[in-house]
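> Per my numbering, the sequence shown starts with residue 1, numbered consecutively. Heads up, the beta-carbon is just placed ideally off N, CA and C, and yes, glycines get one too. Just dropping this structure here.
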Amino acid sequence: MIIVYESKTGFTKKYADMLAEKTKLKAYRVKELPESVKDEEIIFLGWLKAGKIQGLGKARKYNVKAVCASGTARTAEPDEETVIARNKVKGIPFFYLRGGCLPLKELKGMDKILMSMFLKILKSRKEKDERINEAISNIVNGFDGVREENLEPVLKWLDKNK
């Protein structure tokens with residue numbers, strides 16, 4: 001088994017590197033997969049963008065055995081069932097890993113435009129609960145929620161499926 005990941009800002013890569021270190025499995029960025037691993041079983045890690053797991057489409061031509069999605073929120077958004085359905089991973093073990101985001105001022109291009117629009121929507125809400133305020137703070141200031149303990153369910157699954 002190998003680890004394959006897609007990471008844009010480094011948070012998902014941190015998880016892939018941690019997982020590789022803990023399991024002694026090799027980790028590859030999805031676009032750098034060597035031909036020699038095409039028959040390997042894969043645990044895939046990608047980041048969430050509007051409920052879509054980035055890089056998963058490229059990884060599908062390989063033998064994906066489990067999928068991890070990282071995002072800034074405490075739980076998969078909009079919710080785990082929607083993420084599973086939207087990404088067609090029903091029947092494949094799915095794990096959500098709280099990742100992070102760069103501060104808005106460090107984003108560029110379309111990412112900055114989209115996050116600015118999302119921030120404006122969040123700020124305009126009349127009713128702001130703890131999660132909304134946290135999301136606003138994370139977008140403005142950045143956030144790193146990558147923690148070793150977040151990998152525990154993945155490690156337990158790997159132990160059972162070696």
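#1: Within a Cβ cutoff of 7 Å, which residues of the same chain sit near F143, ignoring the five residues on either side of it in sequence?
#2: Please classify A85 as buried or exposed, where buried requires at least 16 other C-beta atoms within 10 Å of its C-beta.
#3: Using 8 Å as the cut-off, can you tell me whether the stretch 65 to 83 makes contact with the stretch 115 to 124, which would need three or more C-beta pairs spanning the two stretches below that distance?
#4: K38: which of K61, K26 and G55 sits nearest, CA to CA?
#5: Quick check on the burial criterion: 16 or more other C-beta atoms within 10 angstroms. Buried or exposed for K49?
#6: What residues match up with A27 in a beta bridge as DSSP calls it?
#7: Quick one: Cα of S36 to Cα of K123, how far?
#8: How many angstroms separate the CA atom of D146 from the CA atom of I53?
#9: Compute the beta-carbon to beta-carbon distance between G55 and V30, rounded to the nearest angstrom, for a pair I have assumed lies under 8 Å.
#10: Classify K13 as buried or exposed, calling it buried when 16 or more other Cβ atoms lie within 10 Å of its own Cβ.
#11: Once DSSP output is grouped into helix, strand and coil, what is the label at A50?
#12: Among A20, K22 and F94, whose alpha-carbon lies nearest the alpha-carbon of W47?
#13: Which runs of the alpha helix (DSSP H) fall wholly inside the stretch 67 to 114 and span at least 4 residues, in chain order?
#14: For D144, which three-state DSSP category applies?
Concretely, from the data shown:
#1: T72, G100 and C101
#2: exposed
#3: no
#4: It is K61.
#5: exposed
#6: I3
#7: 49 Å
#8: The residue asked about is misnamed: residue 146 is Val in this sequence, not Asp. If you take the alpha carbons of V146 and I53, they lie about 17 Å apart.
#9: 5 Å
#10: For K13, the number of other beta carbons within 10 angstroms of its own is at least 16, and it is reported as buried.
#11: Per DSSP, reduced to three states, the secondary structure at A50 is coil, with no helix or strand assignment.
#12: F94
#13: 80 to 86
#14: strand
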